[in-house]
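To start, the structure under review is shown below, and the notes come after it.
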Amino acid sequence: MPADTPGQGSPPQRGTSSRLPPPEGTSPPPPGLVNIANVLTVVRLLLVPVFVVCLFAGGTGWRLVALAVFVVASVTDLLDGRLARSRGLVTDFGKIADPIADKALTGAALISLTVLGELPGWVTALILIREVGVTVLRFVVIRRGVIAASQGGKLKTLLQVAAICLYILPASLSPPDWVREVVMAAAVVVTLVTGVDYVVRAVRLYRDPAGPGSATNSTSGTSSTSGNGGGADG
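Each residue of the sequence shown is one higher than the one before, counting from 62 in the working numbering.
In structure tokens, the structure reads:
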């Protein structure tokens, strides 16, 4: 005789959960403040002073350590955004801290290289004015929507990281000056062009939140973001 099995109306057996799944169409609970995406963002912020100290320490060994710290910090920028979006870990903290951490890392590297006399001040000024301006603009329009990530923005980040890495390399391992100057020039041009594009799209979003250029899909309710919950920075 087969063993009795609980029917549809039977009480739950010991050790099993009686909780039902949330009704269809309801929103999942918001993610907690402490999650892997936010931890990576904080780690990137903490690595900024470490990078600066290593860079100013001088010598081939410390230069290589500074390069390694910068690369690790840059990788966390890639990972925290992907984890936040794929695991539903987007938080208000991430929306604010992620772009600040990005700009702190880039700004610290550019300013340090300028102070060391290795990078013209006008290059640092142009890039930082654009980055800070776009970050402020992002916070201005964030309540109206998120601007969709652009390929230009991704290229900008890649060129900035590559150019800074070439400048961080110790002299004994550095390529010819013209190589890093060309890469940095490309980074500056793409940075400025994408900055103008971001401003144009931000103005359009501010005037018409449901119009083209917004990452929020009014039909599906989904959005595309860049960074740990933040919008694309062009």
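Think of the CB as a built atom: it goes at the ideal place given N, C-alpha and C, for glycine as much as any other residue. Treat the numbers as computed from the prediction; the structure is a model and nothing was measured.
Buried or exposed (CB count within 10 angstroms, at least 16 for buried), residue i
i: Asp163; result: buried
i: Arg143; result: exposed
i: Leu234; result: exposed
i: Ser147; result: exposed
i: Gln212; result: exposed
i: Ala195; result: Here residue 195 is Val; the residue named in the question, Ala, does not match the sequence. Flag for Val195 reads buried.
i: Asp269; result: exposed
i: Arg191; result: buried
i: Ala127; result: buried
Simplified DSSP assignment, three categories, for residue i
i: Ile203; result: coil
i: Val197; result: helix
i: Arg75; result: Residue placement at Arg75 is poorly supported in this model, since its pLDDT is 47, which falls under 50; the coordinates still yield a value, given next. Three-state DSSP puts Arg75 in coil, outside helix and strand.
Distance CB(residue i)-CB(residue j) smaller than 9 Å
i: Leu166; j: Asp138; result: yes
i: Ala170; j: Ile229; result: yes
i: Pro263; j: Ile208; result: A small fix is needed here, since residue 263 is Ala in this sequence, not Pro. Against a cut-off of 9 Å, the Cβ pair of Ile208 and Ala263 comes out as a contact.
i: Pro231; j: Leu125; result: yes
Contact with chain B by residue i, beta-carbon distance below 9 Å
i: Glu192; result: Of the chains in the structure shown, none is chain B; there is only one protein chain.
Among the options, the one whose alpha carbon lies nearest that of residue i
i: Arg105; options: Leu116, Trp239, Val126, Val132; result: Val132
i: Val240; options: Ala223, Thr252, Thr255, Val251; result: Ala223
i: Ile161; options: Leu177, Val113, Val109; result: Val109
i: Asn99; options: Lys215, Ala145, Leu107; result: Ala145
i: Ile157; options: Val254, Gln221, Arg199; result: Arg199
Contact test: residue i Cβ vs the ligand FAD heavy atom, cutoff 8 Å
i: Arg205; result: Within the structure as shown, the ligand FAD is missing, as the structure has no ligands at all.
**Asked** If you scan the segment 129-197 from start to end, which runs of the alpha helix (DSSP H) of 4 or more residues do you find wholly inside it?
**Response** 153-176
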